[in-house]
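Data block below; observations after.
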Amino acid sequence: MVRWLLLVLMAAVLIFVPTQLKPYGIFLMSNWLIFCVVATGLNLTVGYAGQISLAQAGFMGIGAYTSSILMSRYGIDFWHTLPISAGVSFLFGIMVGYPALRVQHHYLAFATLGFNIIVYLVFRNEDWLTGGAFGIFDIPRPTVFGYPTNDPLAFYYLCLAFTLIMVACAWWIVHSPWGRAFAALRDNPTRAASLGINIRTYTLLAFAIGSTFAGLAGSFYASLLEFIDPYAFAFEYSL
């Protein structure tokens, strides 16, 4: 009973409080919702699968830059860029997951940190693709059934719906056979392998799912700011 009361109270706060805030307060709440999705993806990788990752900022940047480049330079609609951002982030997640098959603990932390630094350097130095240190301007906000979300409150409710969907997806993953395999992988990889769990597959899947969450959040982050630069995704600024 207490849990349901807390959920109702939280829902009321998320729905009604932003209507009483100024645009900057609404911006902060939208930003918070987006980073909740990033943290949810990281929780699947680290909390449930037990794989150390310091590359979540890089994955978020990959999603943000993918959507921004497609929207601002090629005029592709936001909703069409989302699956592309998810796919690109998923592939990079698998690539980063490969070191986890051979190294663990602080060695894996160094490997993922190195990946994040490489991503940041690409964002900063490849001017022809990312705009370099000047970033990308004029990133459009999406429309929903023909209605624009340029208004801060409208975009906030879009972020709220997105966050609820992603949290529901994470809940489903955790309570699915995948989630139970992640927990087994975290608790005792040797015992998990003896039970027939494919360690290689689920290790890569843990990174890929976590990176996909971050990539999708990055797309919303870019539209929220309507501008991105490399410094937002440098590891030291993401802590």
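Residue 1 is where the sequence shown starts when you use my numbering, and the numbers rise one by one after that.
The beta-carbon is built from N, C-alpha and C at its ideal position, and this holds for glycine as well.
When the beta-carbon positions are compared, S72 and I139 come within less than 8 Å of each other. In its chain, beyond the 5 residues on either side, T163, M166, F213 and A217 have a beta carbon closer than 6 Å to the beta carbon of V37.
Here G25 is not near Y120, since their CB atoms are 8 Å or more apart. Rounded to the nearest angstrom, the gap between the Cα atoms of N31 and L225 is 9 Å.
By DSSP's assignment, T143 forms a beta bridge with P148.
Around L158, the same chain offers T149 as residues with beta carbons nearer than 6 Å, after the five sequence neighbours per side are excluded.
In the three-state scheme derived from DSSP, where H, G and I count as helix and E and B as strand, I173 is classed as helix. If the five residues before and after Y98 are omitted, its C-beta is found closer than 8 Å to the C-beta atoms of L204, all from its own chain and listed in chain order.
Taking C-alpha positions only, N125 is separated from N198 by approximately 39 Å. Bounds of the alpha helix (DSSP H) holding H80 are F78 to G97. Boundaries of the alpha helix (DSSP H) around Q56: Q56 to Y74.
The Cβ-Cβ distance between L91 and S219 does not fall below 8 Å.
Sequence-distant partners of L21 (beyond 5 residues in either direction) whose C-beta falls short of 8 Å from its own C-beta, in its chain, are M29. Note: I136 is bridge-paired with I228 in the DSSP secondary-structure output.
In the three-state reduction of the DSSP assignment, Q51 falls in the coil class, being assigned neither a helical nor a strand state. Out of L160, T45, L42 and A170, the CA that lies nearest to the CA of V17 is found in L160. For the set L33, M1, T201 and F134, the Cα lying nearest the Cα of L14 is the one of L33. For M29, the enclosing alpha helix (DSSP H) starts and ends at P23 to L42.
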